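Chemist:
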DNA sequence: TAAAATAGCTAATATAATTAGCATAAATTA
DNA sequence: TAATTTATGCTAATTATATTAGCTATTTTA
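Chains as they are written, first to last, in my numbering: chain A, 135 to 326; chain B, 135 to 326.
The structure is reproduced here in structure tokens:
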């Protein structure tokens with residue numbers, strides 16, 4: 135009997151372990167045990183060992199996130215679409231703490247692959263921003279602002295870094311409204 | 135002859151290694167070699183080994199950042215102060231890539247100590263926001279927004295995650311202005 | 001169904017962290 | 001200042017994980 139593993143099943147298990155037991159437990163030892171094989175066997179699927187696996191985990195995370203935000207953006211436009219995307223991002227980070235951590239952690243090795251992985255998400259943002267009257271430069275600035283804010287806020291929230299008892303939902307909402315106001319201003323007060 | 139180490143010299147060396155050779159090289163082996171001792175000797179200063187050292191490195195980073203932004207905020211008020219703080223934050227992250235990474239990485243273990251370490255920076259923000267007419271809730275939202283944005287933007291920038299060739303300075307500036315506009319709106323258009 | 005390729009295994013090796021126990025420098029105190 | 005204590009370093013041994021090498025059985029394919 136063989137275990138019948140492949141790259142996908144292994145990566146998904148790694149994501150599960152990251153979320154449920156923390157990123158520190160994403161080791162070949164733990165992973166192999168969960169999959170019912172011995173750790174050297176994993177090299178048959180990931181030649182580059184743990185490094186390659188972590189990189190793939192990072193890519194898997196960004197692709198999953200892209201898929202989520204693509205879905206929620208369908209059938210929406212303008213502020214409605216932006217809000218939906220941002221909430222989907224934040225929810226993803228909350229529901230996949232370990233994976234979300236891996237997504238950021240493994241960008242340590244800044245790579246073309248990482249750029250491509252986030253590009254999917256960036257494209258969704260750009261498409262949504264097409265429903266406003268903005269020039270290309272403005273869109274770039276706005277997308278960067280959203281990405282920065284979303285990653286930082288989600289990361290801090292996820293680690294319990296916001297000490298104050300005030301509602302985090304309210305803060306998140308406040309921030310999104312603030313950015314959206316900025317967008318409206320650029321359009322000379324045109325539609326939301 | 136003894137090496138004459140203490141916790142501070144060790145942590146500072148760890149920060150240097152993180153910045154110059156990457157966080158992956160912050161190991162007891164490398165650290166001990168740089169300090170001219172053998173790795174077991176470091177346990178005399180850090181009972182908890184590498185874990186404790188990393189935690190202290192994280193705290194050291196936040197304290198350093200706090201010190202920087204406190205300095206630049208002196209003698210400034212309102213938008214001028216906010217801009218100065220934010221640029222100091224971003225510059226710190228750029229000048230201390232490795233340390234900045236450690237500051238975030240080691241919040242994996244969300245702890246009271248981590249909350250306290252960031253509290254210094256939060257206090258500076260609150261003090262600066264006192265120069266505006268805002269209620270406490272608004273201030274909390276705004277500080278959270280800044281923290282989120284600054285951490286995310288700096289982190290992405292630092293890892294080369296913003297692919298577009300457009301000026302990052304302009305994007306950063308755009309974002310700060312957008313948030314500042316939001317603050318002005320809350321005050322009914324009062325002073326900057 | 002024979003040959004080839006694949007996916008698992010065990011055994012061995014490498015690297016880093018950690019622990020135990022020793023020695024001596026430095027600091028403290030009688 | 002001598003004696004004592006404590007702190008800081010060392011070496012040797014242990015543990016944990018990643019990784020490599022080489023073997024075997026299963027699966028796939030010609």
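Where is the CB? At the ideal position from N, CA and C, for every residue including glycine.
Treat the numbers as computed from the prediction; the structure is a model and nothing was measured.
#1: At a CB-CB cut-off below 8 Å, which residues of chain A make contact with residue 216/B?
#2: For chain B, find out if any of its Cβ atoms is closer than 7 Å to the Cβ of residue 192/A; answer yes or no.
#3: Between the alpha carbons of residue 257/A and residue 249/A, how many angstroms are there, rounded?
#4: Using a Cβ cut-off of 7 Å, which residues of the segment 285 to 298 of chain B contact any Cβ in chain A, in chain order?
#5: Are any of the Cβ atoms in chain B nearer than 7 Å to that of residue 280/A?
#6: With a Cβ-Cβ cutoff of 7 Å, do residue 145/B and residue 177/B count as a contact?
#7: Is there a C-beta anywhere in chain B that falls below 7 Å from the one on residue 312/A?
#8: Quick one: residues in its chain with C-beta nearer than 6 Å to the C-beta of residue 254/A, no 5 flanking neighbours on either side, listed in chain order?
#9: For residue 289/B, tell me which candidate among 278/B, 234/B and 180/B has the shortest Cα-Cα distance.
#10: Apply the 10 Å Cβ neighbour rule to residue 142/B and answer buried if 16 or more other Cβ atoms are within range, or exposed otherwise.
#11: Give the interface partners of residue 198/B over in chain A, defined as CB-CB distance under 8 Å, in chain order.
#12: Which chain A residues sit within Cβ distance under 9 Å of residue 316/B?
#13: When you compare the segment 291 to 308 of chain B with the segment 266 to 285 of chain A, are there three or more beta-carbon pairs, one atom per stretch, that lie closer than 8 Å?
#14: How many Å lie between residue 215/A and residue 229/B at the Cα?
#15: Residues of chain B with a CB under 9 Å from the CB of residue 176/A: which are they?
#16: Does residue 260/B have its Cβ less than 7 Å from a Cβ in chain A?
#17: For residue 292/B, collect the residues of the same chain with a Cβ closer than 7 Å to its Cβ; drop the 5 residues on either side in sequence, then sort them by chain order.
#18: According to DSSP, is residue 180/B helix, strand or coil?
#19: Given 8 Å as the limit, is there contact between the segment 258 to 278 of chain A and the segment 296 to 305 of chain B, that is, 3 or more CB pairs closer than that?
#20: Classify residue 151/A as buried or exposed, calling it buried when 16 or more other Cβ atoms lie within 10 Å of its own Cβ.
#21: Give the C-beta separation of residue 218/B and residue 210/B to the nearest angstrom, bearing in mind that I take them to be a contact with Cβ-Cβ under 8 Å.
Modeler: By the coordinates alone:
#1: Taking the first residue of the second chain as position 1, residue 216/B is located at position 82. Here the premise fails: no neighbours, minimum Cβ distance about 14 Å.
#2: As a working note, residue 192/A is residue 58 in the first chain. It does not: the Cβ of residue 192/A has no partner Cβ on chain B nearer than 7 Å.
#3: What you label residue 257/A is simply residue 123 of the first chain in a count that begins at 1. What you label residue 249/A is simply residue 115 of the first chain in a count that begins at 1. Each residue's Cα considered, the two are about 12 Å apart.
#4: 285, 286, 287, 289, 290, 293, 294, 295, 296, 297 and 298
#5: Indexing the first chain from 1 puts residue 280/A at position 146. Answer no: the Cβ-Cβ gap between residue 280/A and chain B never drops below 7 Å.
#6: On the second chain, residue 145/B is found 11 positions in, with the first residue counted as 1. On the second chain, residue 177/B is found 43 positions in, with the first residue counted as 1. Not a contact, by the Cβ cut-off of 7 Å.
#7: Within the first chain, the letter at position 178 stands for residue 312/A. For residue 312/A, the answer is yes, since a Cβ of chain B falls inside 7 Å of its Cβ.
#8: Taking the first chain and counting its residues from 1, one reaches residue 254/A at position 120. Same-chain partners within the cutoff: 200.
#9: By 1-based counting over the second chain, the position of residue 289/B is 155. Ranking the options by Cα distance to residue 289/B, first place goes to 234/B.
#10: Sequence index remark: in the second chain, residue 142/B carries index 8 (1-based). Exposed, since its Cβ has fewer than 16 Cβ neighbours within 10 Å.
#11: The sequence position of residue 198/B within the second chain is 64, counting from 1. The premise fails here: residue 198/B is roughly 18 Å from chain A at the closest Cβ pair, so nothing lies under 8 Å.
#12: Here residue 316/B corresponds to residue number 182 of the second chain, with the count starting at 1. Those are 308, 309, 311, 312, 313, 315 and 316, listed as they occur along chain A.
#13: yes
#14: What you label residue 215/A is simply residue 81 of the first chain in a count that begins at 1. What you label residue 229/B is simply residue 95 of the second chain in a count that begins at 1. Cα-Cα distance, rounded: 37 Å.
#15: Residue numbering aside, residue 176/A sits at position 42 when the first chain is read from its first letter. Near residue 176/A there are no residues of chain B at all, since even the closest Cβ is about 21 Å away, more than 9 Å.
#16: Within the second chain, residue 260/B is the residue found at index 126, counting from 1. Not closer than 7 Å to any Cβ of chain A, the Cβ of residue 260/B fails to qualify, so no.
#17: Indexing the second chain from 1 puts residue 292/B at position 158. The answer, listed in chain order, is 227, 228, 231 and 234.
#18: As a position in the second chain, residue 180/B is number 46, starting the count at 1. Residue 180/B falls in the coil class under three-state DSSP.
#19: yes
#20: In the first chain, counting from the first residue as 1, residue 151/A sits at position 17. The residue in question, residue 151/A, is buried, as its Cβ has 16 or more Cβ neighbours within 10 Å.
#21: Within the second chain, the letter at position 84 stands for residue 218/B. Within the second chain, the letter at position 76 stands for residue 210/B. Rounded, the Cβ-Cβ distance is 5 Å, consistent with contact.
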